[in-house]
Amino acid sequence: MGYTRIDTGAVLDAAHRYDTAAELLDTALHSHLARLSFDGSRAGRSYADSGDAVRLAVERSCAALADWSRAAREIAVLLRTSVQNYADADSRAAGRLR
């Protein structure tokens, strides 16, 4: 078997970056995009259908960003869990050598 080493610091740094990305997405969703309100009535009588289409597109985009944020947080958790599992396995292996 070969030797494998994981740079746990780099993995934890990556997890932190995923958390930061999720925070940025959440801030955008709650601070900026939540204030957007546009629909057919605001577009005017001649453009009601287009206004409703814009509103639906914004809602879909917000939902996609929320999914992206959630996925980034899940990745961060999985990375941290992997580091902990690696540390546990390394500790068990070191214990067997004693």
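Take the sequence shown: its position 51, counted from the start at 1, is 51 in the UniProt record's numbering, and no numbers get skipped. Glycine residues also receive a C-beta, built at the ideal position from the N, C-alpha and C atoms.
Item: Is there at least one non-hydrogen atom of the ligand PLP closer than 7 Å to the beta-carbon of aspartate 19?; Value: Of the ligands one can find in the structure shown there are none, so the ligand PLP has no counterpart to examine.
Item: Applying the criterion that 16 or more other CB atoms from any shown protein chain within 10 Å of the CB defines a buried residue, is tyrosine 18 buried or exposed?; Value: buried
Item: Glycine 2 by DSSP, collapsed to three states: which one?; Value: coil
Item: For alanine 72, which residues of its own chain have a beta-carbon under 8 Å away from its beta-carbon, when the five flanking residues on both sides are left out?; Value: Tyr18, Asp19, Ala21, Ala22 and Leu25
Item: Pull up the distance between the alpha-carbon of valine 54 and that of arginine 60, whole angstroms please.; Value: 10 Å
Item: Round the Cβ separation of leucine 12 and valine 83 to the nearest angstrom and send it over; I've been treating them as touching at under 8 Å.; Value: 6 Å
Item: Relative to the C-alpha of serine 31, which residue among His16, Ala57 and Cys62 is closest?; Value: Cys62
Item: Just how far apart, CA to CA, sit glycine 95 and threonine 4?; Value: 18 Å
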